[in-house]
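Colleague: Protein chains in written order, with the working numbering: chain Z, 1 to 298; chain W, 1 to 153.
Below: one structure in structure tokens.
Quick look at the structure:
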């Protein structure tokens with residue numbers, strides 16, 4: 001069942017050297033993308049969950065490099081609605097395209113797809129597990145603004161349990177010896193496997209009730225929304241105190257506020273006009289990263 | 001060659017030095033009861049080295065190391081003894097495998113392995129504190145105690 005085709009399912013699939021190469025490639029792509037690099041190639045976009053940025057940035061990247069796209073943005077208009085298994089869907093899509101990008105609500109779905117496809121598979125988010133291309137976008141955005149990824153003070157906040165962007169990013173950042181601060185709402189704790197990963201690598205981290213108490217220490221503030229669509233428990237979650245402009249009075253001038261979007265009450269519009277807001281630039285960087293990935297995997 | 005003091009079988013396999021209360025779960029895990037062989041289980045027996053132990057005797061067959069790989073994870077101190085003419089002819093310990101497939105179920109209800117009816121697969125990682133089982137699909141990490149504690153087969 002297992003193939004030997006290289007895929008990107010987890011951020012752990014990439015070595016530090018490979019991450020550096022992708023970030024460097026993204027810099028070049030952002031300046032001067034080679035317009036016919038992927039002429040004749042087809043990307044299959046298999047999105048079983050809603051997406052704006054990830055799906056469209058992959059498609060934008062592919063078109064900008066001269067390639068084409070096919071696929072679906074929701075599964076209800078596919079044979080999945082007739083009960084077709086994911087494995088069968090991927091085997092069929094692999095015959096129609098040169099690379100598959102998949103987003104699916106079940107954890108491990110991208111790994112299964114990579115195991116059965118005879119073309120590369122890129123994980124665009126599998127349940128609450130991983131989102132490696134968002135992580136690469138985040139790393140790229142941080143380095144672009146901060147000038148480095150080394151030894152930064154970074155807060156990861158919001159939904160620590162179900163936000164896959166936090167899981168992937170925490171793992172990726174551990175290469176660069178950050179000081180991490182985690183702020184969560186209610187019982188939304190960090191999964192054991194992420195804690196284990198960080199402890200194994202000797203990363204310093206701490207947990208905090210509110211982000212406001214740590215703002216002056218930070219280089220990067222990474223916000224996420226509550227992933228209510230993934231909650232496996234009933235009962236209310238104590239809402240986090242939303243960030244306000246007034247909270248930013250004593251922050252570093254170089255503070256960078258990131259959010260993978262879409263946002264909810266955790267990131268009000270008033271923050272957009274502060275010099276620290278970097279999330280729309282972050283979204284734009286996603287196209288360059290996906291161009292770099294398509295070049296690498298095709 | 002020595003003989004086992006607890007009991008005697010003419011030919012077969014004895015899995016000895018299983019920690020107390022684990023034999024019945026191991027029997028289920030290894031599906032030994034489904035192979036048609038006559039099986040005897042000793043629970044909470046006195047042991048000079050362990051204080052108390054469990055034991056499993058399978059008559060008429062020499063179980064191969066590959067079939068007993070889960071022992072290395074869930075009963076690492078258990079010895080596997082082949083018996084011929086009431087005598088131990090070989091004694092060995094199960095080696096920790098790199099992966100374990102089909103035998104266990106991922107505890108995460110949102111893991112794709114439940115939905116698709118595919119074979120489970122765990123990567124095995126030995127650490128000083130515990131042996132860890134990492135789901136190949138959803139990447140969740142479990143200790144061997146957690147997997148044995150739940151009814152996960």
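All C-beta atoms in this analysis are idealised placements derived from N, C-alpha and C, irrespective of residue type, glycine included.
Small disclaimer: the values here were computed from a predicted structure and weren't measured.
Going by the beta-carbon positions, is the gap between residue 116 of chain Z and residue 102 of chain Z smaller than 8 Å?
Modeller: No, the Cβ-Cβ distance between residue 116 of chain Z and residue 102 of chain Z is not below 8 Å.
Colleague: When the Cα of residue 82 of chain W is compared with those of W/63, W/73, W/122, W/74, which residue comes out closest?
Modeller: With distances taken between Cα atoms, residue 82 of chain W lies closest to W/63.
Colleague: Starting from residue 118 of chain Z, find everything on chain W with Cβ-Cβ shorter than 9 Å and list it in chain order.
Modeller: Result: empty, since nearest Cβ-Cβ is about 17 Å, beyond 9 Å.
Colleague: Quickly, what does DSSP pair residue 11 of chain W with across the bridge? List them, please.
Modeller: According to DSSP, residue 11 of chain W bridges with W/84.
Colleague: Take every Cβ of the stretch 71-91 of chain W, pair it with every Cβ of the stretch 16-35 of chain W, and state whether three or more of those distances are shorter than 8 Å.
Modeller: As far as the Cβ criterion goes, the stretch 71-91 of chain W touches the stretch 16-35 of chain W, which means the pair count is three or higher.
Colleague: Starting from the Cα of residue 83 of chain Z, find the closest Cα among W/116, W/30, W/69, W/93 and give me that residue.
Modeller: Closest option to residue 83 of chain Z, Cα to Cα, is W/116.
Colleague: Would you call residue 17 of chain Z buried or exposed, if buried means 16 or more other Cβ atoms sit within 10 Å of its Cβ?
Modeller: Burial call: exposed.
Colleague: Considering Cα atoms alone, identify which of W/57, W/13, W/122, W/18 is closest to residue 105 of chain W.
Modeller: It is W/122.
Colleague: Opposite residue 154 of chain Z in the DSSP bridges: which residues?
Modeller: The partner list for residue 154 of chain Z (beta bridge, DSSP) reads Z/180, Z/220.
Colleague: Decide if residue 201 of chain Z is buried, meaning its Cβ has at least 16 other Cβ atoms within 10 Å, or exposed.
Modeller: Flag for residue 201 of chain Z reads exposed.
Colleague: Considering only the beta carbon of each residue, do residue 154 of chain W and residue 18 of chain W sit closer than 8 Å?
Modeller: Given that chain W is displayed from residue 1 to residue 153, the structure contains no residue 154 of chain W and the question cannot be resolved.
Colleague: Can at least three beta-carbon pairs, one atom from the stretch 29-38 of chain Z and one from the stretch 58-70 of chain Z, be found at a separation below 8 Å?
Modeller: Cβ pair count under 8 Å is three or more, so yes.
Colleague: With a Cβ-Cβ cutoff of 8 Å, do residue 314 of chain Z and residue 44 of chain Z count as a contact?
Modeller: Past the edges of chain Z, shown from 1 to 298, lies residue 314 of chain Z, and the structure says nothing about it.
Colleague: Where does residue 63 of chain Z fall in DSSP's three states?
Modeller: Of the three classes helix, strand and coil, the one that applies to residue 63 of chain Z here is helix, per DSSP.
Colleague: Taking the C-alpha atoms as reference points, what is the distance between residue 103 of chain W and residue 147 of chain Z?
Modeller: Using only the alpha carbons, I get a separation of about 49 Å.
Colleague: How many Å lie between residue 204 of chain Z and residue 194 of chain Z at the Cα?
Modeller: In a straight line, the C-alpha of residue 204 of chain Z is about 13 Å away from that of residue 194 of chain Z.
Colleague: Looking at the strands, I want to know which residues DSSP matches up with residue 102 of chain Z.
Modeller: Answer is Z/46, Z/123, bridged to residue 102 of chain Z.
Colleague: What is the rounded straight-line gap between the Cα of residue 13 of chain W and the Cα of residue 61 of chain W?
Modeller: Going by the C-alpha atoms only, they are around 6 Å apart.
Colleague: For residue 149 of chain Z, which residues in the same chain have their Cβ closer than 7 Å to its Cβ, ignoring the five residues on either side in sequence?
Modeller: The residues are 139, 142, 143, 176.
Colleague: Using Cβ-Cβ distances below 7 Å, what residues of the stretch 92-108 of chain Z are close to chain W?
Modeller: Those would be 106, 107, 108, in chain order.
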